[in-house]
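A.B. asks: Before we start, here is the structure in question, set down as structure tokens.
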Amino acid sequence: MPGLALLVGTRKGLFILKSGRDRRRWSMDGPHFLGEVVNHAVLDPRDGRTMLAAVRAGHLGPTVFRSADSGRTWREAAKPPAFAKAAAPAEGESVSHVFWLAPGHASEPGRWYAGTSPQALFASDDGGDTWQGVEGFNGHPDRRRWIGGPQDAPPDGGTLHSINVDPFDPAHLYIGLSGGGVFETRDRGATWTPLNRGCAADFLPDPSAEFGHDPHCLRVHPAQRDVVYQQNHCGIYRLDRARSRWTRIGDNMPREIGDVGFPLVLHPRDPKIAWVFPMDGTTVWPRTPIGGRPAVYGTRDAGRSWKRLDEGLPKGQAWFTVKRQAMGADALDPVGLYFGTTNGEVWASFDEGARWHCLCLHLPHVYSVEAALPR
Amino acid sequence: MKVSLPSPLVSYTGGRRDVEAGGATLAALLEDLERRHPGIRFRMIDEQDRVRPHIKFFVNGEMARALDRRLDPADEILVVAALSGG
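Which chain is which? The protein sequence lines are A and H, in order. The letter at position 10 of the first sequence is residue 9 when you use numbering that gives the first Met the number 0, and the numbering goes up by one with no holes. The letter at position 18 of the second sequence is residue 17 when you use numbering that gives the first Met the number 0, and the numbering goes up by one with no holes.
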């Protein structure tokens with residue numbers, strides 16, 4: 000495999016865009032799992048060749064596939080994420096789909112996490128072959144209150160997403176619940192605490208509610224300890240853990256653009272640099288580029304100011320959506336940025352957002368884009 | 000007994016639509032199918048032992064509505080996966 004891979008999960012399969020690390024020539028590998036929903040596909044940065052894919056075939060239920068050779072061949076997990084069978088007469092839960100995959104800490108090879116719909120957390124210690132529920136969360140007496148009911152969930156069901164393992168502490172995890180809010184554990188999932196102070200939740204009667212928020216995408220900085228960013232249903236936020244209270248850095252976005260969106264991407268080295276893809280959150284929430292003119296917005300000062308980055312993108316009548324998993328960055332210098340759209344396009348910038356290029360058209364609805372550096 | 004599978008499940012049987020499995024009930028038959036073709040049961044039955052939406056079982060052409068349906072070695076089983084959506 001060449002030096003750079005984009006794992007593009009779509010509504011009808013997985014596609015892998017490949018290039019050398021000069022990012023000049025691209026080729027397409029796939030489709031893998033044609034006809035099946037691929038919510039997320041991730042390369043294990045610890046070995047540079049294991050890939051996991053969250054797959055759901057029509058009505059045949061959810062599963063996880065694993066590749067040990069950078070996506071050339073795939074094998075289904077022997078024991079996919081699933082709830083324990085409930086004792087009668089209780090009505091137990093069933094996993095609808097696996098939504099998010101995250102490798103464990105660098106010091107724990109083989110450890111993976113999976114977030115599902117309905118909102119639940121699963122872990123694997125054998126590289127994704129067998130999965131167990133993280134009972135400290137899934138069995139928490141308050142979990143049903145945290146995640147709410149069907150009326151609180153997005154149209155495709157509530158999801159547990161944005162699983163971030165603290166790069167400085169393997170026992171410290173952050174997760175996002177849509178709906179439910181941000182939660183963290185400092186003991187490998189045994190106990191959990193809401194982490195939503197300072198976040199707006201304009202759809203809740205109590206503006207200072209402890210949970211019930213709607214984080215869209217949460218990112219913990221990989222190199223700078225205790226720096227966390229969040230694209231939320233109600234804005235863009237940054238958290239300095241010394242304060243333990245979110246600051247709405249989206250207030251510094253242009254007023255006519257606002258700070259609603261789904262994805263948020265961090266620079267792999269500089270904790271002051273981040274990118275978002277604003278969406279129209281007015282009236283009935285169209286979730287399309289504002290005015291049909293798509294643009295990435297970037298900050299290089301931790302959210303104090305934002306710059307529009309749209310050179311090369313369509314100048315009008317472009318109405319796609321970029322979903323929360325569908326935007327990412329590589330770790331090269333300068334950083335490459337990538338996003339996929341609901342109308343099957345993949346766009347790239349090789350200069351940190353200054354200019355955009357369309358890598359491909361005509362894919363199915365893109366659900367996720369992960370940039371990876373296979374070995 | 001003979002079990003006829005829909006196309007979405009043949010990735011578990013080496014591409015075969017018709018396979019053999021045994022059991023005194025539909026539930027036992029599905030357990031035997033799982034032993035012979037690991038992973039196939041979870042595609043039809045979820046972790047709460049509920050039949051997944053749009054999966055249907057027919058015994059000698061008659062729809063079986065419960066997993067405790069008794070089976071005879073001469074029965075023929077048809078599994079239908081009515082996938083839908085655009």
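Built from N, CA and C at the ideal position, the CB exists for glycine as well.
Distance check for A/Arg-185 and H/Ser-10, CA to CA, integer angstroms please.
C.D. replies: Rounded to whole angstroms, H/Ser-10 to A/Arg-185 spans 41 Å at the Cα level.
A.B. asks: From the DSSP secondary-structure annotation, give me the bridge partner or partners of A/Pro-79.
C.D. replies: Bridge partners of A/Pro-79: none, in fact.
A.B. asks: Check whether the Cβ of A/Glu-35 lies closer than 7 Å to any Cβ atom in chain H.
C.D. replies: Taking Cβ atoms only, chain H never reaches closer than 7 Å to A/Glu-35, which makes this a no.
A.B. asks: Please confirm whether A/Tyr-337 and A/Gly-352 have their CB atoms less than 7 Å apart.
C.D. replies: Contact flag unset, no.
A.B. asks: Using a beta-carbon distance below 7 Å, is H/Gly-38 in contact with chain A?
C.D. replies: By this cut-off, H/Gly-38 is an interface position.
A.B. asks: Under 8 Å Cβ to Cβ from A/Val-264, same chain only, skipping five residues before and after it: list those, please.
C.D. replies: Result list for A/Val-264: Arg-218, Ala-273, Trp-274, Val-275, Met-326, Gly-327, Ala-328 and Leu-336, in chain order.
A.B. asks: Taking the alpha carbon of A/Pro-129 as the reference point, which residue from A/Phe-121, A/Gly-135 and A/Phe-136 has its own alpha carbon closest?
C.D. replies: In the sequence as displayed, the identity of residue 129 of chain A is Thr instead of Pro. Of the listed residues, the one whose Cα sits closest to A/Thr-129 is A/Phe-121.
A.B. asks: Let me know if A/Val-283 comes out buried or exposed under the rule of 16 or more other beta-carbons within 10 Å of its beta-carbon.
C.D. replies: So A/Val-283 ends up on the exposed side.
A.B. asks: Sort out for me which residues DSSP pairs A/Lys-271 with in a bridge.
C.D. replies: Answer is none; A/Lys-271 lacks a bridge partner.
A.B. asks: Distance check for H/Glu-46 and A/Asp-125, CA to CA, integer angstroms please.
C.D. replies: In a straight line, the C-alpha of A/Asp-125 is about 21 Å away from that of H/Glu-46.
A.B. asks: Starting from A/Trp-346, trace the alpha helix (DSSP H) in both directions and tell me its first and last residue.
C.D. replies: Note, A/Trp-346: premise wrong, no alpha helix (DSSP H); beta strand (DSSP E) at 345 to 348.
A.B. asks: Among residues of its own chain, excluding the 5 on either side of H/Arg-69, which ones have a beta-carbon nearer than 8 Å to its beta-carbon?
C.D. replies: For H/Arg-69, where only same-chain residues beyond five positions count, the Cβ hits under 8 Å are Ala-23 and Thr-24.
A.B. asks: Since A/Phe-202 contacts A/Leu-194 with CB under 8 Å, what's their CB separation in whole angstroms?
C.D. replies: In fact, because the Cβ distance is near 19 Å, the residues do not count as touching under 8 Å.
A.B. asks: Could you check whether H/Val-79 and H/Pro-5 sit closer than 7 Å to each other, using their CB atoms as the reference points?
C.D. replies: Contact flag set, yes.
A.B. asks: Count the other CB atoms within 10 Å of the CB of A/Gly-249; is the residue buried (16 or more) or exposed (fewer)?
C.D. replies: Label assigned to A/Gly-249: buried.
A.B. asks: List, in order along the chain, the chain H residues whose C-beta lies closer than 7 Å to that of A/Phe-167?
C.D. replies: The contacting residues do not exist; A/Phe-167 stays about 35 Å from chain H at best.
A.B. asks: Could you name each continuous beta strand (DSSP E) segment of 3 residues or more that falls completely within the segment 191 to 262 of chain A, going from the start of the chain to the end?
C.D. replies: Listed in chain order, they are 214 to 219, 226 to 231 and 234 to 239.
A.B. asks: Using CA atoms only, rank isn't needed, just tell me which of A/Ala-81, A/Leu-5, A/Phe-64 and A/Ala-83 is closest to A/Arg-74.
C.D. replies: Selected option, being the one with the closest Cα: A/Phe-64.
A.B. asks: Report the rounded CA-to-CA distance for A/Val-94 versus A/Ala-76, giving the unit in angstroms.
C.D. replies: Computed Cα separation, rounded: 15 Å.
A.B. asks: By Cβ distance below 7 Å, which residues in the same chain neighbour A/Thr-72 in space, the five residues on each side in sequence not counted?
C.D. replies: So the list reads Ser-66, once near-sequence residues are dropped.
A.B. asks: Strictly under 7 Å for the Cβ-Cβ distance: is A/Phe-82 near chain H by that measure?
C.D. replies: At least one chain H Cβ lies under 7 Å of A/Phe-82.
A.B. asks: Given that H/Glu-30 touches chain A, what residues does it touch there, using C-beta distances under 8 Å?
C.D. replies: Residues of chain A passing the Cβ test: none, with the nearest at roughly 14 Å.
A.B. asks: Listed in chain order, which residues of the segment 53 to 71 of chain A have Cβ atoms closer than 7 Å to some Cβ of chain H?
C.D. replies: Result list: Ala-56, Gly-57, His-58, Leu-59 and Gly-60.
A.B. asks: Under a three-way DSSP split, which group does A/Gly-179 fall into?
C.D. replies: Looking at A/Gly-179 - three-state DSSP - the assignment turns out to be strand.
A.B. asks: Does A/Gly-260 pass the burial test, meaning 16 or more other C-beta atoms within 10 Å, or should it be called exposed?
C.D. replies: With 16 or more Cβ atoms within 10 Å of its Cβ, A/Gly-260 is classed as buried.
A.B. asks: For the candidate residues A/Gln-324, A/Cys-359 and A/Pro-363, whose alpha-carbon lies nearest to that of A/Leu-159?
C.D. replies: Among A/Gln-324, A/Cys-359 and A/Pro-363, the Cα nearest to that of A/Leu-159 belongs to A/Gln-324.
A.B. asks: Considering only residues of the same chain and omitting the five flanking positions on each side of A/Ile-235, which have a CB-CB separation below 8 Å?
C.D. replies: So the list reads Tyr-228, Gln-229, Arg-247, Ile-248, Gly-249, Met-252, Asp-258, Gly-260, Leu-263, Val-275 and Gly-302, once near-sequence residues are dropped.
A.B. asks: Going along the chain, which residues of its own chain have a beta-carbon closer than 7 Å to the beta-carbon of A/Val-334, five neighbours each way excluded?
C.D. replies: Result list for A/Val-334: His-266, Pro-267, Ala-328 and Glu-351, in chain order.
A.B. asks: Cutting at 8 Å between CB atoms, please list the residues of its own chain near A/Ala-170, excluding the five before and the five after it.
C.D. replies: The answer, listed in chain order, is Thr-184, Arg-185, Asp-186 and Arg-187.
A.B. asks: Tell me, please, which residues DSSP counts as bridged to A/Trp-355.
C.D. replies: According to DSSP, A/Trp-355 bridges with nothing at all.
A.B. asks: Closest by CA to H/Ala-81, which one among H/Lys-55, H/Asp-31 and H/Val-2?
C.D. replies: The shortest C-alpha separation from H/Ala-81 is found at H/Lys-55.
A.B. asks: If we ignore side chains and look at the alpha-carbon of each, how far apart do H/Asp-31 and H/Ala-20 end up?
C.D. replies: Roughly 6 Å between the two C-alpha positions.
A.B. asks: Could you tell me which residues DSSP puts in a beta bridge with A/Gly-378?
C.D. replies: In the structure as shown, chain A begins at 0 and stops at 374. Residue 378 of chain A is therefore absent and cannot be evaluated.
A.B. asks: If you follow the beta strand (DSSP E) that A/Gly-327 is in, where does it begin and where does it stop?
C.D. replies: Segment 326 to 328, the beta strand (DSSP E) holding A/Gly-327.
A.B. asks: Give, in chain order, every unbroken run of the beta strand (DSSP E) that is at least 3 residues long and sits entirely within the segment 39 to 126 of chain A.
C.D. replies: As far as the segment 39 to 126 of chain A is concerned, its whole beta strand (DSSP E) runs of at least 3 residues are 50 to 55, 61 to 66, 96 to 102, 111 to 116 and 119 to 123.
A.B. asks: Using C-beta distances below 8 Å, list every residue in its chain close to A/Ile-289, excluding the 5 sequence neighbours before and after it, in chain order.
C.D. replies: These residues qualify, in order along the chain: Glu-255, Ile-256, Gly-257, Pro-277, Met-278 and Asp-279.
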